[in-house]
Every structure is written in C-alpha cells, then in structure tokens.
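What follows is a set of notes on a single structure, which appears directly below.
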Amino acid sequence: MAAAAATEPPSTEAEDGGSIRVRTVWISDLHLGTPGCQARALLDFLREVDCEQLFLVGDIVDGWQLRRSWYWPQAHNDVVQKLLRKARKGCRVIYVPGNHDEFARKYLNHSFGGIEVAHEWIHETADGRKLWVTHGDLFDGVIQCAKWLAHVGDSAYEFTLKLNRHLNSLRARMGLPYWSLSKYLKLKVKRAVSYLNDFEEALAKEARKRGVQGVVCGHIHHAELRDIDGILYANDGDWVESLTALVEHADGHLEILDWSERQRERAESAVKVVEALRTPA
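FYI, the working numbering numbers position 61 of the sequence shown as 62, with every residue one higher than the one before it.
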C-alpha cells in the first residue's frame with residue numbers, strides 16, 4: 002500500500018459520486034493478494050458508497066499468501082488506489098492491521114498516502130456510543146497459542162475457496178446466483194459454530210472491561226450485529242465469502258450491507274428489463 006502511495010500520480014479525476022451516503026464504513030478481510038479476494042465487487046462498493054470515515058479492520062493485504070505465492074492482478078492495485086483516492090478527497094481512512102497483514106503493525110502511528118495506521122481505535126457514533134475497533138485476531142486462541150495450526154487452517158481454507166470458485170463458475174453457467182461453500186460449512190459444523198460463539202463472547206467481554214458500549218471487528222469472516230449481555234457486537238464480515246460491510250448512518254444507526262445481495266438484485270432487475278424488451282407489446 003505504501004508503494005502504491007508513492008508511485009501513483011496525483012489524480013485529476015473527481016471522486017465518484019456514490020449513491021449511498023453514510024457517516025462511517027468498516028470493511029475487513031479483503032485478502033488482497035489472493036485469488037479469493039473479490040476485488041471487482043469491492044471496487045463497485047467503494048464507488049457506490051460515500052462516507053466521512055472509512056475503517057480498514059485488518060487482513061487488507063494477505064501477507065501469508067503472498068509469501069507462499071505472488072498474486073497481484075490489476076484489480077487489486079485498483080482497490081489500493083481507490084482507497085488512497087478516498088483519503089485524498091477528504092475521507093478519513095484508518096487502517097487497523099490484522100494477523101494476515103501483521104507486517105503493517107511495524108508502522109503504527111504512521112500515515113501512508115493519508116491512510117493512518119493504528120493498533121486499535123475508539124470510535125464515537127453520532128448518537129454518542131463508544132465502539133472499540135480491533136481486527137480480533139489477538140482474541141483468537143488458535144492464532145495466539147498455535148500459530149502453525151492457523152497456517153495449516155489457512156491452507157485448508159484456501160483449498161475450500163478454490164473449490165468454491167469452480168463450483169460457482171458452474172452455477173453461473175446454470176444461471177444460479179453466487180453461493181459460499183465455506184460459509185455453509187462454517188455454519189453447519191458444530192465445532193465451527195462453537196468457535197464463532199466463543200470468539201464473539203470474548204470480544205464482548207473485553208469491550209465491557211474497556212468501558213465502551215460495543216466492539217467492531219472482523220477476522221472470522223462472519224458478519225454479525227447483535228447484543229451480547231448489553232454490549233453491541235458488530236462484525237463487518239469479509240470480501241472473500243460474504244461481501245459485507247458495516248455502516249453507520251447519520252443518526253448513529255448501524256447496519257450490515259450485504260453487497261452480494263445487492264448484486265443479485267441488480268442482476269434480477271436487468272433480466273426483467275431484458276425480458277420486458279423481448280415481450281411484444
């Protein structure tokens with residue numbers, strides 16, 4: 002990201018006029034540098050959404066995968082440039098690194114192209130609530146106690162995503178919408194569901210200790226917005242499986258945007274228009 006900031010020439014292009022205007026956006030787990038990253042959908046989202054503040058909540062660039070095998074298509078560079086452009090146009094962009102981009106933790110309290118790097122953040126909503134922003138990996142027992150196991154799991158996860166891409170290529174040829182195999186398995190396997198619950202409760206417990214009203218995180222690729230014993234738990238999801246973001250509206254109301262659902266609605270609308278044009282009056 003720093004390299005892109007240094008090499009990208011100053012832009013004379015006006016910032017895209019987004020059709021969705023919100024106060025704050027949180028996105029995480031983009032995993033730029035991997036075939037699983039759905040960069041084009043993310044670019045579509047970034048063009049459509051205007052905000053005052055944008056939080057990048059970790060695993061933005063996947064250093065683990067890039068060390069194993071270099072993968073960086075133009076669409077991934079376009080995402081970085083779009084984020085830099087948003088920062089130049091007045092949006093405050095705050096980058097909280099995660100475990101896959103832990104290399105960025107060497108640059109805490111620095112700014113690259115207007116993007117601020119921070120270990121964590123306390124965000125105050127328009128209605129006065131304080132939310133602790135963290136990637137969440139520091140509260141993942143596997144990451145902290147057995148990092149080698151996390152790397153093994155990451156390889157297995159990448160295989161599942163590869164299988165998922167082939168599956169969805171077949172579904173697309175059959176006219177069926179996108180479907181996430183890894184997300185399905187995550188919600189069906191009992192131990193995986195238990196892991197999700199334990200993670201969520203650990204983050205909520207820590208938020209309570211810190212004296213804030215809620216926590217915003219990523220890491221587990223599972224978008225969620227719920228109350229846990231009086232603490233707001235908000236997970237913004239990811240841009241590999243679910244294509245989700247967390248947004249704050251002007252009044253402080255929080256909402257999870259499901260961009261895959263929006264794309265599906267657009268596709269269905271386009272089909273209806275084509276069918277209407279083909280139908281004789």
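Beta carbons: idealized from backbone N, C-alpha and C, even for Gly.
It should be emphasised that the depicted structure is a prediction, and the values quoted were computed from it without experimental measurement.
Non-local beta-carbon contacts of H250 in its own chain, meaning distances under 6 Å to residues more than five positions away in sequence, involve V23 in chain order. By the Cβ neighbour-count rule, S70 is exposed, with fewer than 16 other Cβ atoms within 10 Å of its own. E125 is bridged by DSSP to K131. Straight across, the Cα-Cα distance linking S112 with I229 is about 34 Å. Burial check for K210: the Cβ neighbour count within 10 Å stays below 16, so the residue is exposed. Between the alpha carbons of G34 and D79 lies a distance of about 12 Å. Annotated as proximal: G215 and L132, with beta-carbon spacing under 7 Å. By a beta-carbon distance limit of 8 Å, L85 contacts I116. Their separation comes to about 7 Å.
Inter-residue distance for F46 and R279 is about 31 Å (C-alpha atoms, whole angstroms). If the five residues before and after A76 are omitted, its C-beta is found closer than 6 Å to the C-beta atoms of A40 and R41, all from its own chain and listed in chain order. If you compare the alpha carbons of S261, G253, H254 and E202 with that of E242, the shortest gap goes to S261. Q264 sits in a helix when the DSSP states are folded into three classes. Remark: C-beta atoms of F140 and A203 approach each other more closely than 7 Å. Distance from the CA of V134 to the CA of I123, rounded to the nearest whole angstrom, comes to 6 Å. Between H101 and W73, the CB-CB gap reaches or exceeds 7 Å.
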